[in-house]
Amino acid sequence: MPTTSVPTTSVPTTSVPRTSVYSAAQLAERFGLVLHGDGAVQVHGVGTLARAEAGQLAFLANPKYRSQLAQTSASVVVMRADDASDFSGTALIARDPYVAFARLAALFEPRPRHAPGIHASTDIDPSAVVANDAHVGAFVSIGARSRVEAGARIGPGCVIGDDCVVGAGCELVAGVTLVARVRLGQRVLVHPGAVLGADGFGLAMDRGGVQTGGPQNDAPGEPHWLKVPQLGGVLIGDDCEIGANTTIDRGAIEDTVLEADVRLDNQIQIGHNVHIGAHTAMAGCSAVAGSARIGRYCLIGGGAGVLGHLEICDKVVVTAMSLVTASIREPGEYSSGTPLMDNRSWRKNAARFKQLDAFVRRTGGRREP
Amino acid sequence: MPTTSVPTTSVPTTSVPRTSVYSAAQLAERFGLVLHGDGAVQVHGVGTLARAEAGQLAFLANPKYRSQLAQTSASVVVMRADDASDFSGTALIARDPYVAFARLAALFEPRPRHAPGIHASTDIDPSAVVANDAHVGAFVSIGARSRVEAGARIGPGCVIGDDCVVGAGCELVAGVTLVARVRLGQRVLVHPGAVLGADGFGLAMDRGGVQTGGPQNDAPGEPHWLKVPQLGGVLIGDDCEIGANTTIDRGAIEDTVLEADVRLDNQIQIGHNVHIGAHTAMAGCSAVAGSARIGRYCLIGGGAGVLGHLEICDKVVVTAMSLVTASIREPGEYSSGTPLMDNRSWRKNAARFKQLDAFVRRTGGRREP
Amino acid sequence: MPTTSVPTTSVPTTSVPRTSVYSAAQLAERFGLVLHGDGAVQVHGVGTLARAEAGQLAFLANPKYRSQLAQTSASVVVMRADDASDFSGTALIARDPYVAFARLAALFEPRPRHAPGIHASTDIDPSAVVANDAHVGAFVSIGARSRVEAGARIGPGCVIGDDCVVGAGCELVAGVTLVARVRLGQRVLVHPGAVLGADGFGLAMDRGGVQTGGPQNDAPGEPHWLKVPQLGGVLIGDDCEIGANTTIDRGAIEDTVLEADVRLDNQIQIGHNVHIGAHTAMAGCSAVAGSARIGRYCLIGGGAGVLGHLEICDKVVVTAMSLVTASIREPGEYSSGTPLMDNRSWRKNAARFKQLDAFVRRTGGRREP
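Protein chains in written order, with the UniProt record's numbering: chain A, 1 to 369; chain Z, 1 to 369; chain W, 1 to 369.
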């Protein structure tokens, strides 16, 4: 991949979004879908089944919306073969309509094209290297020995520290911070406000005195926290997506690692030295404490937590706001918490929970292992 | 509203805060309150009942602080008529002292005045329009076709993407990101680090093969995530407030919507296509998953969660750290979770919870519906 | 402390990281540790027991890693005397090996040195004062009457509002926002995306009409939120550390306070007028609601919550994702929640929880106090 340091020039940020028109037959051909109905129908955008207008393409994946088929104004609907039997309009038949829709919709996405070049208002260390066809927006800082590879886009206000790599085709949307030693694979998408490579939360309680490693003449003083230097980096695999305001700490000694195709929603916290397997997805506000290891193809629900130093095997689902307090060795779905109730009922049941052990003993409950 | 593109000029950011002095009689007159005591007492600021000094105004709303009335040094106290009977100082009587205090305190707020104009260090797309009397601070980017309306203030380091509208009288304090297609009504206040309009978390698992919409010659490969394009925007009603580091994703196809006067605290996550009714307030770290619909005048407690595609009717209170897993059709207060206990007791009770169903069956419990 | 306003000049951001080599004997001498084995062994960096290479120093603190001692390639290992008895390599004996390692590792930390000076691209109010030997990076804004003291480092993209103080030796890594009236003590370290001093979440529901403090001719209208002005500041003690994307709101009237040596991880929310005692540490995603008061030497687990206006005494441990709903008067460990289970078992037990009070009554349970 040819990369070079580009002279600082002011470049236009965006060009006008393209508009595209395709016939249903063209879409069927392009995506390997079966066409039902009029292949000449034109499509210039997408909409929901309920509100799409003529000229728009919609999809039906969730059976609960099937009744909307009769009224939809969408010109073309992507659906399963089963659902098409009594549909009089134009349909594209897909085994997985949501996957097909994902591909189709990308055709109509007015994603702004960013011209290659480096905005005049950037602050780039002389030892950093930016590929010729990369885009670096306004008010971006890039630190020593860092590298921005082919076709990458660094949006306005990003800060890239020292010794970082932004791989080919990556996009840092805006206001993203890579603190130090953060290496992104190819096509990684990082949303605004995400912070990768901040120091992990490593603290030792210094109780003073000799032989703790303090100077021999340490004043006794009161016990206080000693920061444990955080020296590792962050390694992000190809095709990962990192949500807005998500934080991924650098490792203490070795790296924090996300394998390829890991998908993190917004406001997620990943502690130092965590390792997340390929294709795992985590929903908003979930958190993983230091040195935990999560497998491949896991789904971690919103607001769920994983304690430190645990291992979770492949294909584990953790439901929303559950807390994982021990390693999980078997694939499957796991939960904690209690159901939502009206507050009055909840108070009564919660009061009983406080006495549950005593109650079970009184009523002759065996002590469970 | 007359708006125009303003030439780039360097402007001073702030002027000196004003200082104001009012007599108790003037305050009573201005806010329609009943005066008890000496109307000539001068007030130049506000304080707490416990620590206010002479010249300051305090308030008494929570009965538990009533005992502080006897010792307060505040020159004027806002309170209910009931509380004033044995108070020898100067009082302003209000039916709702906290509301009255909110208005009174605003008189003394040293909110910096920002001179109209655009800082020299901004990067504004030629197609963007900024009102003459708007303020745009240092290191701000504004994208194509975006509009900043009369009297709005864009603080330093904000990024406004393409096709956004910042309504009249809005304030983006600092470091706020509006990614794309974000439209704010009038007088919306957005605190630092908030990200509006980032992509929603839309993913389809592509298992490969034909008729999923992939190219017919798709290599089998291993199943992987496919990003579903996020094409919608974010629509924020008048008088909303968005807390620091809060995230509101753009809709997948249609918009994510906050109606007027919605108040979001810090670190909140709002998923794509969520709809929040007017006057609803959400406390810090709460989260709403995609396509959920929350009614008007709801109160969502700190750290609470709402799963996707649910509906919550008007006037629902969800207590802190509760998880809403089904739609709520009746106004009222709802909770989940268990009470806090010392860890030893908690462990015993929690162990019993794991065996609760077995225990109930053993002791002849009926299976509940 | 001599401070002065420094002329705007462009300065290089970093110098090359130092590399250091020490013998085991030098390290023993410097840190007051007992040497076992060959004092001439050279160390130039640190590693984990499992993966360290020759020339690296590792540590053994957690007994579960003791078996790794036999295979380690580390040239020197820090450990307790007990663990050294059957170790044939070079050891440094410490009473607390983790504390000793924290000090030792700092020797090898390639922390970039930042040259004193102010980057050319900053926007600094004329009334602000920056110490001669402070470093102010690119795209930084500093507001009126603010002060940056000796040796402080303000990284790229930080926004410092009006009336703030950044004490001697502080570091704001990058993209940190101090909104207004935020005063940091000495050696405070603030990670990227943190927002200190945003408005607290103060709202009063204005139901309209006279004697609420609204104008006497208030239109009836519908009840709506009234913002309560937030006039206080934030006061952060010496040696505090504030994590990435953490938020600490300014007080409503008085200050929000963190005493010395408080350590906050990432994504934490601290409400207005909270007071946190010295040496308390809070893990990621925890939250404290307004006016709560937390003691000294507390440990708040990840995702845990503390409701408003509560008091927690010194030396309290709250486990992860627990919710504190009442004041805690006794030191100790506290928890709430339920254990993680496979989802099928959890559903059965959770359904029983909804009927727990009824069940206990039916089976003759006494009503607990």
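C-beta atoms are modelled at their ideal positions from N, C-alpha and C, and glycine is treated no differently.
Closest Cα partner of residue i within the set the options
i        : options                                : result
W/Thr72  : W/Asp255, W/Asp82, W/Phe59, W/Pro63    : W/Phe59
W/Gly337 : A/Gly305, A/Gly233, A/Ser121           : A/Gly305
A/Ser121 : A/Phe139, A/Ala252, A/Phe359           : A/Phe139
A/Leu189 : A/Ile276, A/Ile242, A/Pro331           : A/Ile242
Z/Ser67  : Z/Asp86, Z/Ala81, Z/Ser127             : Z/Asp86
Z/Ala144 : Z/Arg153, Z/Val179, Z/His114, Z/Gly117 : Z/Val179
Z/Leu203 : Z/Trp225, Z/Pro192, Z/Ala194, Z/Gly197 : Z/Trp225
A/Val41  : A/Phe31, A/Asn343, A/Gly55, A/Ala50    : A/Gly55
Z/Ala128 : Z/Glu149, Z/Ala52, Z/Gly137            : Z/Glu149
W/Leu104 : W/Asp162, W/Leu27, W/Ser291            : W/Leu27
A/Val195 : A/Asp255, A/Leu184, A/Thr247           : A/Thr247
W/Val77  : W/Arg250, W/Pro110, W/Gly251, W/Asp38  : W/Asp38
A/Ile253 : A/Met341, A/Gly197, A/Asp123, A/Leu356 : A/Gly197
Endpoints, beta strand (DSSP E) assigned at residue i
i        : result
A/Gln56  : 56-59
W/Pro292 : It is Ala, not Pro, that sits at residue 292 of chain W in the sequence shown. Here W/Ala292 belongs to no beta strand (DSSP E), and DSSP marks it neither H nor E.
A/Val234 : 234-236
W/Leu203 : 203-206
A/Ala180 : 177-180
A/Ala198 : 195-198
Z/Leu35  : 34-36
Neighbour flag for residue i against chain A, beta carbons, 8 Å
i                      : result
W/Pro223               : no
W/Lys354               : yes
Z/Pro229               : yes
W/Ala144               : no
residue 444 of chain W : Coverage of chain W is limited to positions 1 through 369, which leaves residue 444 of chain W absent and any answer about it impossible.
Interface flag, residue i vs chain Z, CB-CB below 8 Å
i        : result
W/Tyr297 : no
W/Gly305 : yes
W/Phe87  : no
W/Ala120 : no
A/Asn217 : Below a pLDDT of 50, predicted positions are generally treated as unreliable, and A/Asn217, at 48, falls in that range; the measurement from the model is reported next regardless. No, A/Asn217 does not count as interfacial toward chain Z.
CB contact check: residue i to chain W, cutoff 8 Å
i        : result
Z/Glu171 : no
A/Asn245 : yes
A/Lys315 : no
Z/Thr363 : yes
A/Ile253 : yes
Z/Arg153 : no
A/Val46  : no
Z/Cys164 : no
Classification of residue i by the beta-carbon crowding that lies within 10 angstroms, buried from 16 upward
i        : result
W/Asn132 : exposed
W/Asn217 : With a pLDDT of 48 at W/Asn217, under the threshold of 50, the predicted position of this residue should be treated as unreliable, though the coordinate-derived value follows. With fewer than 16 Cβ atoms within 10 Å of its Cβ, W/Asn217 is classed as exposed.
A/Lys227 : buried
Z/Val21  : exposed
A/Ala53  : Here the sequence assigns Glu to residue 53 of chain A, which means Ala is not the residue at that position. When all chains shown are included, A/Glu53 counts as exposed.
Z/Ala115 : exposed
Z/Ser141 : buried
A/Asn273 : buried
Boundaries (first-last residue) of the alpha helix (DSSP H) holding residue i
i        : result
A/Glu333 : A/Glu333 -> not in any alpha helix (DSSP H); beta strand (DSSP E) instead, spanning 332-335.
Z/Ala84  : 81-84
Z/Lys354 : 343-354
Z/Arg187 : Looking at the DSSP string, Z/Arg187 is not in any alpha helix (DSSP H), and its letter there is neither H nor E.
A/Ala120 : Where A/Ala120 is concerned, there is no enclosing alpha helix (DSSP H), given that its DSSP letter is neither H nor E.
W/Ala102 : 97-107
W/Ala94  : Unbroken run through W/Ala94: none, as it is neither H nor E.
Z/Leu27  : 24-31
Proximity test, residue i beta-carbon vs the ligand ADP heavy atom, cut-off 7 Å
i        : result
W/His275 : Summarising the ligand content, the structure contains no ligands, and the ligand ADP is consequently not present.
**Request:** Mind checking the stretch 331-352 of chain A against chain W and listing, in chain order, the residues whose C-beta falls within less than 8 Å of any C-beta there?
**Result:** Residues of the stretch 331-352 of chain A with a C-beta less than 8 Å from any C-beta of chain W: Gly332, Glu333, Tyr334, Ser335, Ser336, Gly337, Thr338, Pro339, Met341, Ser345, Lys348, Asn349, Ala351, Arg352, listed in chain order.
**Item:** Selection of the stretch 190-202 of chain Z by Cβ proximity to chain W, strictly under 7 Å
**Value:** The stretch 190-202 of chain Z vs chain W, Cβ under 7 Å: His191, Pro192, Gly193.
**Prompt:** Going along the stretch 123-137 of chain A in order, which residues come within less than 8 Å of chain W, judged by CB to CB distance?
**Reply:** Shown in chain order are the members of the stretch 123-137 of chain A whose Cβ falls below 8 Å from a Cβ of chain W: Asp123, Asp125.
**Asked** When Cβ atoms are compared, which residues of the stretch 248-279 of chain Z fall closer than 7 Å to chain W?
**Response** Those residues of the stretch 248-279 of chain Z that come within reach of chain W (Cβ to Cβ, closer than 7 Å) are Asp261, Arg263, Asp265, Asn266, Gln267, His279.
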